[in-house]
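Residue numbers (my numbering): 2 to 343. Heads up, the beta-carbon is just placed ideally off N, CA and C, and yes, glycines get one too. Small disclaimer: the values here were computed from a predicted structure and weren't measured.
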Amino acid sequence: MTESKFTPRVFSGIQPSGNLHLGNYLGALKRFVDMQGPDMETVYCMVDLHAITVWQDPKELMHSTRELCAGFIAAGINPEQSILFNQSQVPEHAQLAWIFNCVARMGWMQRMTQWKDKAGKNQQNASLGLFAYPSLMAADILVYHATHVPVGEDQKQHLELTRDIAIKFNNDFGVDFFPITEPVIEGAATRVMSLRDGSKKMSKSDASDMSRINMTDDAETIAKKIRKAKTDPDALPSEVEGLEERPEARNLVNIYSALSDQTPEQVLAEVGGKQFGEFKPMLADLAVAKLSPISSEMARLMNDQAEIDRILARGAERARQITVPILRQTYEIVGMVGAGQN
Ligand code: ATP
Ligand code: MG
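In structure tokens, the structure reads:
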């Protein structure tokens, strides 16, 4: 397959499951903004159908979807330039996911670490949707023929599965229809860790609010969470090698470096030798300086929910200009009568 057959197009999404956090910002949102530009079509989605793979209170889901939309815009996504919408309003995502449910193999899905982590010991009681999550994610991406998908490190395995689904579909039907998507996992903060446990990623769904910095936290809360972040008793090293075996220290240095747009090497050249008692307030000041303009803009945008709803509706309309023809062609390839005449 030649890359050139497919026009470069970026797709990515975030679940509106509340608690949008620093990891989402540095690993995803900030990088979505970086990819927005005149040479790339960018499609960004609030993946509400993914959110309901675990139960969501309907009122909170609506609130989180609007708040996430405000977060995208406050972080720098321009809804005129990028296509910004919520997944459920573009039905082709779920329709293509069904086709992919018939392409993907049980064994592929059973290997997914997100499934194993989220279903935990009680797999029998997890929703079928949670199991099928990666197949819907493949559909989210491929229903746009997206070529580039910026995500955090935790989504790498799902993107590999997306490639496997595209390859199998193309082989099964003897076509060159779906692109082999490139994951874009870059920067110092592709995996921001929990502030309480350096071996766990920062997550919306972590029970402890102290484990994460929420995009809606005020300055005092951000400072308190960083002050209380787990660390070790040693001073910071001057070289990155000195962060090996020190996951909590490495995490705080990576956060500092992503927030200040520097490499960890540059950060350590500046702060090497400092104790955490000195480094943590520096990090807190930087985090507040970078995040508070975003959180106040989010709050301002949330005052006009009708405008947010209009932006989402307009985004869904633009998205469907892409997805309707791609789904129709998929149905034709698969052999569904009527697909060619819709
Ligand atoms: P949940 O715990 O409910 O799965 P989440 O925090 O993982 O929530 P998602 O909506 O699943 O958030 O992920 C949205 C994007 O943010 C994805 O691209 C994901 O890779 C990225 N992301 C999530 N957590 C982190 C993190 N700790 N560090 C960097 N990127 C992250
Ligand atoms: Mg996640």
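Beta-bridge partners of residue i, as assigned by DSSP
| i | result |
| --- | --- |
| Val-185 | Pro-151 |
| Arg-10 | Glu-42 |
| Ile-15 | Met-47 |
| Ile-84 | Val-44 |
| Met-194 | Lys-202 |
| His-22 | Asn-215 |
Under 7 Å between C-beta atoms of residue i and residue j
| i | j | result |
| --- | --- | --- |
| Asn-87 | Ala-190 | no |
| Leu-85 | Tyr-145 | no |
| Met-216 | Leu-21 | yes |
| Val-48 | Gln-16 | yes |
| Val-181 | Glu-154 | The sequence as given places Ile at residue 181; Val does not occur at that position. No, these two residues do not count as a Cβ contact at 7 Å. |
| Lys-291 | Arg-228 | no |
| Phe-170 | Ala-140 | no |
| Pro-151 | Met-337 | no |
| Lys-231 | Ser-18 | no |
| Leu-131 | Ser-89 | no |
| Ile-334 | Val-176 | yes |
| Ile-214 | Leu-23 | yes |
| Ile-223 | Ala-288 | yes |
| Ala-340 | Arg-329 | yes |
| Leu-196 | Lys-225 | no |
Close Cβ partners of residue i (< 8 Å) along its chain, the five nearest in sequence each way excluded
| i | result |
| --- | --- |
| Val-268 | Val-254, Tyr-257, Ser-258 and Ser-261 |
| Met-303 | Arg-67, Glu-68, Ala-71 and Ile-309 |
| Glu-183 | Thr-148, His-149 and Val-150 |
| Ala-285 | Ile-223, Ala-224, Ile-227 and Arg-228 |
Own chain partners of residue i with C-beta closer than 7 Å, once the 5 adjacent residues on each side are dropped
| i | result |
| --- | --- |
| Asn-126 | none |
| Asp-316 | With the sequence shown as reference, residue 316 is identified as Gly, and Asp is not the correct amino acid for it. If we look at Gly-316 and ignore the five residues flanking it on each side, its Cβ neighbours are Pro-80, Ile-84, Leu-85 and Phe-86. |
| Asn-172 | none |
| Met-194 | Lys-201, Lys-202, Met-203, Pro-248 and Asn-252 |
| Ser-293 | Ala-220 |
| Ser-13 | Ala-29, Phe-33, Tyr-45, Val-150, Pro-151 and Val-152 |
| Lys-31 | Ala-76 |
| Ala-320 | Val-44, Ile-84, Phe-86 and Val-91 |
| Pro-265 | Ala-189, Val-241, Val-254, Asn-255 and Ser-258 |
| Leu-244 | Pro-238, Ala-250, Arg-251 and Val-254 |
| Ala-120 | Ala-127 and Leu-131 |
| Ser-354 | This structure gives no information on residue 354, because the portion of the chain shown stretches from 2 to 343. |
| Asn-25 | Ile-15 |
| Trp-109 | Leu-162 and Asp-165 |
| Ile-78 | Phe-33, Val-34, Gln-37, Tyr-45 and Leu-85 |
| Asn-343 | At Asn-343, the pLDDT of 48 sits below 50, so the modelled position is not reliable and the matter cannot be decided from this model. |
| Gln-124 | none |
Residues near residue i by beta carbon distance below 6 Å, same chain, minus five either side
| i | result |
| --- | --- |
| Ala-75 | Ile-295, Glu-298 and Met-299 |
| Thr-324 | Val-91, Glu-93 and Val-144 |
| Ala-105 | Ser-136 and Ile-166 |
| Met-41 | Pro-9 and Val-11 |
| Glu-4 | With a pLDDT of only 49 at Glu-4, under the threshold of 50, the placement of this residue in the model should not be trusted; the figure read from the coordinates follows. For Glu-4, where only same-chain residues beyond five positions count, there are no Cβ hits under 6 Å. |
| Met-212 | Residue identity differs from the one stated: residue 212 is Ser in this sequence, not Met. Closer than 6 Å at the Cβ level, and outside the excluded window around Ser-212, lie Ser-195, Leu-196 and Arg-197. |
| Asp-210 | none |
| Ile-312 | Pro-80 |
Can you find at least 3 beta carbon pairs, one from the stretch 263-277 and one from the stretch 221-241, that sit closer than 8 Å? yes
Does the contact criterion of 3 or more C-beta pairs under 8 Å hold for the stretch 187-205 versus the stretch 159-171? Between the stretch 187-205 and the stretch 159-171, the count of Cβ pairs shorter than 8 Å is below three; the stretches do not touch.
Ignoring anything shorter than 4 residues, give me the alpha helix (DSSP H) runs that lie fully in the stretch 235-274, in order along the chain. 248-260 and 265-272
Contact between the stretch 151-159 and the stretch 95-115: three or more CB pairs below 8 Å? yes
Contained alpha helix (DSSP H) runs [length at least 4] in the stretch 99-158, N- to C-terminal order: 107-111, 114-120 and 129-143
Within the stretch 273-329, ranges of the beta strand (DSSP E) (whole runs, at least 3 residues): none
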